[in-house]
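In the numbering used here, the protein residues as written are 27 to 711.
Note that CB positions come from ideal geometry on N, CA and C, so glycine has one too.
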């Protein structure tokens, strides 16, 4: 719960699904570009990722970053004003990031920061005052983390050092345990970030890291649970998650020798699958990992940013999805979330080529923001100033901490991997909270093209020559709106109302020995489209063809030909024949498509007709419920009301108001209303 949240009631809603809303298609306009909200000039390069959280009484969240060569930890307000600055007397560069816990100390929050000089410091987050400092060993590029390893409800500090020792300390700085234990224990060469989560449900977090030849797991006492030496060389990020939502958590890391992403059972260490990366030696060294459900199919994808500049997307079982190739020989550090408010999840890659790059969920470039020097750490996605819009916070080696926004609505549920190590304790684990809960999925259908059925005539004047000065009314022909001729004489087709299969119009195509091909306009592939059900009907002689043609910016991706429902006699008949393509899944990299129809050539003098076209999109997406508060009720003393909206229709809607202690204050039902009246008297549909 936010440090500054007032004593406001919390709403809890329960919906019983009945039927779905059918909505009009959503098409994207020109891709937005981010706007710079503010920037802060540091004294030196910014290597580590920023920590963003709400731990101070002032408005909004706070940003904590490591000023590397200046050897200072700096805390800023949501508007970029300095709150405090901490000089730990470090003798080496401050290249690690800070970690935050609200469960380590009795009051407030505690910040943990380590340094290559061997010291680990714990600070009061609100004031920046030192609580304690101790020697644990050299902490270089890995963050120290917070985790409740003993199950007592208090977080402990866990740090991995270059001396191959993992030290766990109580919140007062005293040592709880070290690994390895005793001189007889075989030390592990720690080569990755450390992560922690309760994977066995005993209430205490286990600790995970990679040695040079495989992953290792420790229990809350610092004893070895398992290790899986595969003989590969592991170096880089290690994260925890349950991408397939089967209830059995996984460890994800990258093998450098094999250039592969590898998934392990977090409880046993068993290797589950191995996904081959590009054929490049040591391409996964220092790799960045992130998990999120990009396509809203109820399972998470795993993304890998490697040192070749590539970003590779795999499904939850290691199946290759797509690859985006950035600037070669530059590492890409990843974070995931809806940055522009369009309801889709974007991939943000902070890269050594000096750019922050934004990709859509299919790996297509949306925009990039260039800085003067390289970026080494992922951006953090948050609502920094709590204005309901998403901000992007990142640092660069040009000594600037920047805050960007695209003015998109902030939705925490659409930010599956918001920062470098997932959360403010830097746990590297998404096995907690709503993000790890498998969403309830809904299915809906909608028409993708309103002109498919030939019901919208368009009149076009014929081009005729008249004597000079003579005014004549030009005759017109009527053609279908939303369709155009690809091949053949334009005067061969026209709208017809005499012979129709459904509605008021069909199109008539005169006979001819030349090909006649017509098509829809390009139709954008809407987000979350899972399949298309398409059909069109033909009346006339010969064998017609209809094809769904998929495109991207490089050209045609794939063509799906329609099936004929039955054979067609050689002469014209009174039978309408159905051409259809059922459950066609869009290609992964397609961004638009068109329906192309080919009329049979015939010299018999018989015309042919087309009618009843339909392109129905099928969508599968998470059920979503939002409450909208009538803010004007608080501003001018009008009735204080709230409205609930969802992407499905419920048989009934029940709400409950809770106090901050979790006690029920009031409960009731919400009524369905076609219109609601605002405080100023305006009606809303």
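Ordered along the chain, which non-local residues of its own chain (more than five positions away) have a Cβ less than 7 Å from that of residue i?
i           : result
residue 247 : 203
residue 196 : 182, 202
residue 318 : 326, 327, 362, 371, 442, 443
residue 575 : 582, 585, 619, 620, 622
residue 424 : 397, 398, 399
residue 514 : 540, 541, 542, 543
residue 382 : 374, 376, 394, 395, 401, 405, 420
Quick check: the Cα distance between residue i and residue j, rounded to an integer number of angstroms?
i           : j           : result
residue 189 : residue 617 : 51 Å
residue 508 : residue 365 : 33 Å
residue 591 : residue 480 : 21 Å
residue 698 : residue 678 : 8 Å
residue 562 : residue 105 : 57 Å
residue 23  : residue 394 : Coverage of the chain is limited to positions 27 through 711, which leaves residue 23 absent and any answer about it impossible.
residue 186 : residue 265 : 15 Å
residue 611 : residue 184 : 47 Å
residue 347 : residue 337 : 11 Å
residue 454 : residue 586 : 43 Å
residue 691 : residue 647 : 33 Å
residue 111 : residue 152 : 11 Å
residue 695 : residue 335 : 53 Å
residue 572 : residue 606 : 8 Å
residue 141 : residue 157 : 16 Å
residue 451 : residue 171 : 6 Å
residue 532 : residue 342 : 47 Å
residue 222 : residue 263 : 13 Å
residue 608 : residue 530 : 26 Å
Can you confirm whether residue i, when its beta carbon is compared against all beta carbons of chain D, has any partner nearer than 7 Å?
i          : result
residue 58 : The structure shown contains no chain D; it holds only a single protein chain.
Around the C-beta of residue i, are 16 or more other C-beta atoms found within 10 angstroms, so that it is buried, or is it exposed?
i           : result
residue 229 : exposed
residue 482 : exposed
residue 87  : buried
residue 582 : exposed
residue 239 : buried
residue 219 : buried
residue 169 : buried
residue 119 : buried
residue 639 : buried
residue 517 : exposed
residue 357 : buried
residue 589 : exposed
residue 510 : exposed
residue 272 : exposed
residue 241 : buried
residue 467 : exposed
residue 97  : buried
residue 286 : buried
residue 79  : buried
Assuming the contact rule is C-beta atoms closer than 8 Å, residue i and residue j should be a hit. Round their C-beta distance to whole Å, please.
i           : j           : result
residue 720 : residue 93  : Since the first and last residues shown for the chain are 27 and 711, residue 720 lies out of range.
residue 627 : residue 540 : 7 Å
residue 565 : residue 635 : 4 Å
residue 290 : residue 554 : Not a contact, Cβ separation roughly 31 Å.
residue 243 : residue 295 : 6 Å
Look up residue i in the DSSP assignment and say whether it is helix, strand or coil.
i           : result
residue 256 : coil
residue 517 : helix
residue 440 : helix
residue 698 : coil
residue 482 : coil
residue 606 : strand
residue 430 : strand
residue 325 : coil
residue 377 : strand
residue 628 : strand
residue 161 : strand
residue 578 : strand
residue 181 : coil
residue 531 : coil
residue 310 : Its pLDDT being 49, under 50, residue 310 is placed unreliably by the model, and the measurement read from it follows with that caveat. Residue state, collapsed to three classes: coil.
residue 193 : strand
residue 545 : strand
residue 671 : strand
Who are the near neighbours of residue i in its chain, counting only those whose CB is closer than 6 Å to its CB and skipping five residues on each side?
i           : result
residue 64  : 106, 429
residue 374 : 361, 384, 405
residue 477 : 507, 508
Given 6 Å as the limit, tell me if residue i has its C-beta closer than that to any heavy atom belonging to the ligand MG.
i           : result
residue 630 : Looking for the ligand MG in the displayed structure turns up nothing, as the structure carries no ligands at all.
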